[in-house]
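Just below is one structure, and these are the notes that go with it.
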Amino acid sequence: MNLLGAILWKDLVTEWRQRDRVVAMAVFALLVVVVLYMAAPPGMGTEARQHVPGLLWVAFTFASILGLNRAFALELENDALAALAMASADRGFIFLGKAIASFLLLGLVQAFTSLAFGMAYGIDFWPVLGPFALVCGLGAFGLSAVGTLFSAMAVRTTYREVMLPLLMLPLMIPVLLGAVRATEGLLADGTLPWPPVQLLLVTDAVFGIIAYLGFEAVLDE
Amino acid sequence: MTPSAAPGGRLTATIFYGLVVAWAIVVWNAPIDAVQGPIQKILYIHPPLAFGAYLGFGCTALFGALYLWKGEDRWDRWALSSAEVGILLCTLMLLTGPIWAKGTWGRWWSWDLRLTITLLQYLVYLAYLLLRGFTEGSERGARFAAVYGIAGMVLIPLNYFAIDLAGGRSIHPENLGDGSLGEGMGLPFLLGILMVLASFFYLVVRRFEVGGLRDVEAERAVAAERGEGAVAQ
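Chains as they are written, first to last, in the working numbering: chain A, 23 to 243; chain B, 325 to 557.
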């Protein structure tokens, strides 16, 4: 448990001092907003707005991949990852510390990106803020859990930046579809539809368990 | 000399080639579908390839789990062999499907529940092979691949619900085996399944042998290098 706190604290403090990961993720998400807006048919009519939930989650996912790629890159310096693996505590706590740090950073980026999306497409998230935050949280949980596991693998492959999206994206479909459908429902009539939330809850639980158990096998001896 | 370490290698090969010939003859003689025409004969290979592909992916996850549990190299080699053969069969299935669809539905692809999930599984196990290729150190690569192979399998039920939620209308025929096959169509279909299963086992066993020979060769190379080093000193 101390290890969890220590790793979480270390990751957040490092981020606070350098602020490179969150800033890179946020700038990237903003760029995705601009690029997607330019790629969409002209105008800001209702038709364009219908695509906002999907585009929003595309931006979140790409930004999360960018951040997760950095999550373990730091640990490679001075072979810190090997030292972590030798810690006497349960390795699951290392995973939890890393995953929670990524979850919190992604949450920040989600808030910023939603603000940018709201301004770009004229959407008011304020009336549905609570349920929207819940959907973002559930989506971010799935992304961070599996992302942390795969990031620990990808960082030790030859093409690390390339490997993470290849590993992550095909497995992220249930999270993305659940989150996009839930956001769609929220933006359409302000109520949170239950089936996508149910899918998100089940997916998060399954991914959480896989990532927690799988992490044991991913760290080197 | 061709190294044929598997005792039943020649037997499985004979069974496989025999089935291919029998299947080809039976398919050639099968009645032509009144509505779809000759293109319906793709049915005698497409669903069997799907069974073979999923068998391959399932075996990859199963052997991966056994590798993580037991830590023996052979389970990893079985997992890799199953994944490669599964990918091969899945590629053939994804090629035959659109040909049939273009002739029957009038378009190559539909974002249907089953098609989408199969495509995703295909991408997952392609990533599995890439992960192996890009990981240095066979032991580490084996561990990573085992974890990823298992995660890829768990995804199937989740994706099923997810794509259903997205409105993946199923226009893919579902009712095989409920008497939907016309007269004279059951035998070629059955032979198709047997042929694909035989090819699956044959190829997996051969791939497993090749993996073993590579390991032996690698060990020999390392030993030779050490020997040379000792002489040089």
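Note that CB positions come from ideal geometry on N, CA and C, so glycine has one too.
Since the model is a prediction, treat every value here as computed from it, not as a measurement.
What do you get for residue i, buried or exposed, if any count of 16 or more other CB atoms within 10 angstroms of its CB means buried?
{"i": "B/S406", "result": "buried"}
{"i": "A/M108", "result": "exposed"}
{"i": "A/P75", "result": "buried"}
{"i": "B/P327", "result": "Confidence at B/P327 is low in this model, with a pLDDT of 47, below 50, so the placement of that residue should be treated as unreliable; the coordinate-derived value is given next. The residue in question, B/P327, is exposed, as its Cβ has fewer than 16 Cβ neighbours within 10 Å."}
{"i": "A/S124", "result": "buried"}
{"i": "B/V543", "result": "In the sequence as presented, Val is not what sits at residue 543 of chain B; that position holds Glu. Exposed, since its Cβ has fewer than 16 Cβ neighbours within 10 Å."}
{"i": "A/M60", "result": "exposed"}
{"i": "A/Q132", "result": "buried"}
{"i": "A/P149", "result": "exposed"}
{"i": "A/S166", "result": "buried"}
{"i": "B/T459", "result": "buried"}
{"i": "A/A111", "result": "exposed"}
{"i": "B/M325", "result": "A caution first: B/M325 carries a pLDDT of 37, below 50, which makes its placement in the model unreliable, though a value can still be read off. Exposed, because fewer than 16 other Cβ atoms sit within 10 Å of the Cβ of B/M325."}
Compare the C-beta of residue i with all C-beta atoms of chain B and state if any pair is closer than 8 Å.
{"i": "A/Y181", "result": "yes"}
{"i": "A/V240", "result": "yes"}
{"i": "A/M141", "result": "no"}
{"i": "A/L188", "result": "yes"}
{"i": "A/V18", "result": "In the structure as shown, chain A begins at 23 and stops at 243. Residue 18 of chain A is therefore absent and cannot be evaluated."}
{"i": "A/I195", "result": "yes"}
{"i": "A/V74", "result": "no"}
{"i": "A/L199", "result": "yes"}
{"i": "A/M185", "result": "yes"}
{"i": "A/R203", "result": "yes"}
{"i": "A/I116", "result": "no"}
Just the Cα atoms here: how many angstroms apart are residue i and residue j?
{"i": "B/I339", "j": "B/L514", "result": "15 Å"}
{"i": "A/A142", "j": "A/E238", "result": "43 Å"}
{"i": "B/P512", "j": "B/G535", "result": "34 Å"}
{"i": "B/L379", "j": "A/P153", "result": "41 Å"}
{"i": "A/T36", "j": "A/P217", "result": "39 Å"}
{"i": "A/L77", "j": "B/A522", "result": "46 Å"}
{"i": "B/V344", "j": "B/M519", "result": "6 Å"}
{"i": "B/Y472", "j": "B/A377", "result": "17 Å"}
{"i": "B/A548", "j": "A/V80", "result": "52 Å"}
{"i": "A/F84", "j": "B/A545", "result": "43 Å"}
{"i": "B/L392", "j": "B/M477", "result": "15 Å"}
{"i": "B/D400", "j": "B/L455", "result": "14 Å"}
{"i": "B/G382", "j": "B/A451", "result": "16 Å"}
{"i": "B/K365", "j": "B/A354", "result": "8 Å"}
{"i": "A/V228", "j": "A/V219", "result": "14 Å"}
{"i": "A/G207", "j": "A/L199", "result": "12 Å"}
{"i": "A/M190", "j": "A/I231", "result": "16 Å"}
{"i": "A/L25", "j": "A/G119", "result": "8 Å"}
{"i": "A/I38", "j": "A/V56", "result": "The sequence as given places Trp at residue 38 of chain A; Ile does not occur at that position. Cα-Cα distance, rounded: 27 Å."}
{"i": "B/L439", "j": "B/I487", "result": "10 Å"}
{"i": "B/A475", "j": "B/Y449", "result": "11 Å"}
{"i": "A/G140", "j": "A/F134", "result": "10 Å"}
Mind checking if residue i is an interface residue toward chain A, Cβ cutoff 8 Å exclusive?
{"i": "B/Y472", "result": "yes"}
{"i": "B/T323", "result": "Residue 323 of chain B is absent from the model: chain B starts at 325 and stops at 557."}
{"i": "B/A486", "result": "yes"}
{"i": "B/R398", "result": "no"}
{"i": "B/F381", "result": "no"}
{"i": "B/F340", "result": "no"}
{"i": "B/F468", "result": "yes"}
{"i": "B/A475", "result": "yes"}
> Could you give the uninterrupted runs of the alpha helix (DSSP H) lying entirely in the region 188-224 of chain A, keeping only those of 4 residues or more?
Replying inline: 195-211
> Residue ranges of each alpha helix (DSSP H) run of no fewer than 4 residues wholly in the region 375-453 of chain B, ordered along the chain?
Replying inline: 397-428
> Can you list, in chain order, the residues of the region 146-157 of chain A whose Cβ is nearer than 9 Å to any Cβ on chain B?
Replying inline: none
>> Which complete alpha helix (DSSP H) runs does the region 449-489 of chain B hold, if anything under 4 residues is left out?
In response: 462-489
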